[in-house]
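Residue numbers (my numbering): 904 to 1007.
See below:
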């Protein structure tokens, strides 16, 4: 599902014009990104959390030069689904026929 599909579905189900749904979604995304930029996690009860994960420094390889390089410690955004959300997905996906679990 793409963002356009999501906008269409929400618009159809709520009767809100597509442009208003798009503006609301964009504001939601911007607020989540802004919170993560400032170091603050976002918690949405029953859905999940947008969090900042710390990656430890490690040794990598520059393949073309065949030399070791140090990758410094860094932070990445991540999503952690709520337990109830994970359980609902597990139950629903397990009830699908095995052919449709291919990812498309």
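Glycine included, each C-beta is placed from N, C-alpha and C at the ideal position.
- Pairwise C-beta distances place the segment 943-954 in contact with the segment 969-986, as three or more of them are shorter than 8 Å.
- Of all alpha-carbon atoms in 944, 1000 and 907, the one lying nearest the alpha-carbon of residue 923 is that of 907.
- In the displayed model, residue 973 falls within a strand according to three-state DSSP.
- Taking the Cα positions, residue 969 is about 16 Å away from residue 961.
- Contact between residue 957 and residue 976 is confirmed by a C-beta separation of about 7 Å, below the 8 Å threshold.
- At a Cβ-Cβ threshold of 8 Å, residue 987 and residue 937 do not count as neighbours.
- The Cβ-Cβ distance between residue 921 and residue 910 falls below 8 Å.
- Runs of the beta strand (DSSP E) lying entirely within the segment 938-964, each at least 3 residues long, are 945-947 and 951-958 in chain order.
- According to the DSSP assignment, residue 913 belongs to the alpha helix (DSSP H) that extends over 906-917.
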